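A.B. asks: Residue numbers for the sequence shown, in mature numbering (1 follows the signal peptide of the UniProt record, and there is no 0): -20 to -1, 1 to 398.
Note that the Cβ used here is the ideal one computed from N, Cα and C, for glycine as well.
Since the structure is predicted, the reported quantities are computational estimates derived from the model, not experimental observations.
To start, I am sharing the structure in question, which I have written as structure tokens.
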Amino acid sequence: MGRKTLASALVSAILSICHSQVIITKFEDQSGTVSGNLLHNGGDEPDPDIYLTTPQIIRRHGYRSESHVVQTTDGYLLTIHRIPQSKNGTQGKQPVFLQHGLLSSSADFVISNDKSLAFILSDLGYDVWLGNSRGNTYSRAHAWLPTNTDEFWNFTFHEMGVRDLPTALAYVSNVTGLMGDIIYIGHSMGTTMFYSMASTLPEFTHKHVKVMAGLAPVAYMTYITSPIRYFAPFVNDIQWLAKHLGLREFLPHGLIMDVLVYNCRQFKFEKEICEQVIFLVCGFDKLQLDKKMLPDILAHAPAGSSTKTVIHYAQEIRHNGDFMQFDYGEKGNLAQYGKSTPPLYNLSSINVPAYFMYGENDWLADEKDVLRLAKDVQINIGTYKVPFKYFNHVDFLWGRDAATLVYKPLIDIIQRFR
């Protein structure tokens, strides 16, 4: 692979990083790895987590791991990972549900070793559940639809919010017997999904969720400063092109990511590309980025989603950042919604305590958009600006000081709801 081709692939990959409740089975994974032999060739010895699945990473760090597969009302099979007890064997009591962002997976919360949010919460005695949205590496299955069909990939964060989350949260309530006691923590699209659910299904949300905390929350996108905003005016053309080229899935994990991991670990040139593109999309922050983590990040993300989800976000940017449902065009909207324009989400319907954490240098979740969001919900229990000038969108997950700058104040808040 030539360097120009590799550089282009790196750019595409890292762009993605910044962005009936029936149990089918419950099990503890014992095998299976990501990546292939390519990742083992040469270079410094990498973090073993590069080669492992989320359950394997959890076990490698000394925690018990469970996997639960649930079916949504529209047939998607979602895998939820669980850390039911701490290292010392203490069974977790109050459930905490962690939801990843766009094109990510449950791995987001476990690849930072002992600084991982999932492990920190488990050590504090919480019963930690990690969601996986439809279409990603761990939830790429359906009860009757093949994954290579248009029908399977016909979803956005709206369906993830009003179908995936209710299925997962009701299941957690049922298994734990603690309905109404769930602490929900979302990052990026994990917050978008929640706001979609909570504004559309406020009674359900209030029944199951005790408090919600948003890390780099995304609803309004009026003041987004990331260069991806320049694609928004062309969203209709992009949508047409994707449809006619059959591009249903956006950046699934595969061989090309193995190549990127290998090169990001091996070569200074590629490492610099990885670093600079993350900064270009999410905000510049050299001090928080641990370059040694880049292979870990690229080994697990992007984890895939629908092209329609990416288009949905682009539509929001084009429509002055409004938090709205998918725009099918005038005729399509009339058929879907009974009106010519897509409905706005009614954030004032959200009736659970909500907390908002944001970074000053986050180019995707701008401070002005976050503060507007916080103002619109019913029960705003506080906003928190990370006290580090350059803190960006992905620093909430993998920043060197995320444990002290974000997780400590986050835990102080959620402990009030224990």
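Could you have a look at Arg380 and say whether DSSP puts it in helix, strand or coil?
C.D. replies: DSSP places Arg380 in coil when its eight states are reduced to three.
A.B. asks: How is the beta strand (DSSP E) around Asn341 delimited, first residue to last?
C.D. replies: Counting along the chain, Asn341 falls outside any beta strand (DSSP E), and DSSP gives it neither H nor E.
A.B. asks: For Gln74, name the three-state secondary structure that DSSP assigns.
C.D. replies: Residue state, collapsed to three classes: coil.
A.B. asks: For Lys190, count neighbouring Cβ atoms within 10 angstroms of its own Cβ and tell me buried if that reaches 16, exposed if not.
C.D. replies: So Lys190 ends up on the buried side.
A.B. asks: Mind checking who Lys288 pairs with in its DSSP beta bridge?
C.D. replies: Partner(s): none; Lys288 has no beta bridge.
A.B. asks: Given that a residue counts as buried once 16 or more other Cβ atoms are within 10 Å of its Cβ, and exposed if not, what is Gln71?
C.D. replies: Result: exposed.
A.B. asks: Secondary structure at Trp109, three-state DSSP: helix, strand or coil?
C.D. replies: Looking at Trp109 - three-state DSSP - the assignment turns out to be strand.
A.B. asks: Which of helix, strand or coil does DSSP assign to Gln51?
C.D. replies: Note: Gln51 maps to strand in three-state DSSP.
A.B. asks: Hey, out of Arg143, Ile359 and Pro322, whose CA is closest to Ser177's CA?
C.D. replies: As written in the sequence, residue 177 is Met, which differs from the Ser given in the question. Closest option to Met177, Cα to Cα, is Arg143.
A.B. asks: Confirm, please, whether the CB-CB distance from Ala283 to Ser85 is below 7 Å.
C.D. replies: In this structure, Ala283 lies closer than 7 Å to Ser85 by Cβ.
A.B. asks: Closer than 6 Å by C-beta to Phe336: which residues in its own chain qualify, once you throw out the five before and the five after it? Chain order, please.
C.D. replies: The residues are Gly194, Pro197, Val350, Ala354 and Thr363.
A.B. asks: Is it buried or exposed, Ser119, if we count other Cβ atoms within 10 angstroms and call 16 or more buried?
C.D. replies: Under this definition Ser119 is a buried residue.
A.B. asks: If you follow the alpha helix (DSSP H) that Ala98 is in, where does it begin and where does it stop?
C.D. replies: Looking at the DSSP string, the run of the alpha helix (DSSP H) that includes Ala98 is Leu97 to Asp103.
A.B. asks: Could you pull out every unbroken alpha helix (DSSP H) segment of at least 4 residues lying fully inside the stretch 286 to 326, listed in chain order?
C.D. replies: Counting only runs of 4 or more, we get 287 to 298 and 309 to 317.
A.B. asks: Could you tell me the alpha carbon to alpha carbon distance between Pro35 and Gly170, rounded to whole angstroms?
C.D. replies: Distance between the alpha carbons of Pro35 and Gly170 is about 20 Å.
A.B. asks: Just verifying my parser: in three-state terms, what is the DSSP assignment at Val261?
C.D. replies: Reliability fails at Val261, whose pLDDT of 45 lies under 50, so the model's placement of it is uncertain and no value is given.
A.B. asks: Take Asp27 as the anchor and find which of Ile91, Thr127, Gly55 and Gln295 has the nearest alpha-carbon.
C.D. replies: Closest by alpha carbon: Ile91.
A.B. asks: Nearest to Asp302 by CA position, among Gly312, Asn372 and Pro323, is which residue?
C.D. replies: The option with the nearest alpha carbon to Asp302 is Pro323.
A.B. asks: Tell me whether His138 sits in a helix, a strand or coil according to DSSP, three-state version.
C.D. replies: His138: helix per DSSP, three-state reduction.
A.B. asks: Once the 5 residues before and after Asp130 are set aside, which same chain residues still bring their CB inside 7 Å of it?
C.D. replies: Once the five neighbours on either side are set aside, the close Cβ partners of Asp130 are Arg228.
A.B. asks: Please tell me whether Arg352 and Tyr200 are closer than 7 Å, where the distance is taken between their beta carbons.
C.D. replies: Cβ atoms of Arg352 and Tyr200: closer than 7 Å.
A.B. asks: Three or more C-beta pairs under 8 Å: does that hold for the stretch 98 to 112 against the stretch 51 to 66?
C.D. replies: The answer is yes - the stretch 51 to 66 touches the stretch 98 to 112, with three or more Cβ pairs under 8 Å.
A.B. asks: As a quick exercise: from Phe132, His122, Ile38 and Met140, pick the residue whose alpha carbon is nearest that of Asp88.
C.D. replies: Nearest of Phe132, His122, Ile38 and Met140 to Asp88, Cα basis: Ile38.
A.B. asks: When we look at the beta-carbon of Gln295 and count the other beta-carbons within 10 Å, is it buried (16 or more) or exposed?
C.D. replies: When all chains shown are included, Gln295 counts as buried.
A.B. asks: Just curious, the beta strand (DSSP E) that Gly115 is in, first and last residue?
C.D. replies: No beta strand (DSSP E) contains Gly115, which DSSP labels as neither H nor E.
A.B. asks: Taking the CB atoms as reference points, tell me whether Asn331 and Pro182 lie closer together than 7 Å.
C.D. replies: Yes. Within cutoff.
A.B. asks: Would you call Gln74 buried or exposed, if buried means 16 or more other Cβ atoms sit within 10 Å of its Cβ?
C.D. replies: So Gln74 ends up on the buried side.
A.B. asks: Return the CA-CA distance between Phe371 and Tyr387, expressed in angstroms with no decimal places.
C.D. replies: Roughly 14 Å between the two C-alpha positions.
A.B. asks: For Thr205, collect the residues of the same chain with a Cβ closer than 7 Å to its Cβ; drop the 5 residues on either side in sequence, then sort them by chain order.
C.D. replies: Taken in chain order, the residues that qualify are Trp343 and Asp346.
A.B. asks: Which same chain residues end up closer than 6 Å to Gly55 when comparing Cβ atoms and leaving out the 5 residues on each side of it in sequence?
C.D. replies: Taken in chain order, the residues that qualify are His122, Ala123 and Trp124.
A.B. asks: Please state if the CB of Tyr164 and the CB of Phe77 are separated by a distance shorter than 7 Å.
C.D. replies: In contact: Phe77 and Tyr164 (Cβ atoms closer than 7 Å).
A.B. asks: Which term fits Thr33, buried or exposed, when burial requires 16 or more other beta carbons within 10 angstroms of its beta carbon?
C.D. replies: Buried, by the Cβ-count rule.
A.B. asks: In angstroms, rounded to a whole number, what distance separates the CA positions of Arg396 and Pro389?
C.D. replies: Straight-line Cα distance between these residues: approximately 11 Å.
A.B. asks: Going by the CB atoms, is the gap between Ala98 and Met192 shorter than 7 Å?
C.D. replies: No, the pair does not count as a contact, with Cβ atoms beyond the cut-off.
A.B. asks: Could you check if Trp220 is buried or exposed, using at least 16 other CB atoms within 10 Å of its CB as the buried criterion?
C.D. replies: It is exposed - the Cβ of Trp220 has fewer than 16 other Cβ atoms within 10 Å.
A.B. asks: For a minimum of 3 consecutive residues, which ranges assigned as the beta strand (DSSP E) are wholly contained in the stretch 143 to 189?
C.D. replies: DSSP runs (the beta strand (DSSP E)) wholly in the stretch 143 to 189: 162 to 167.
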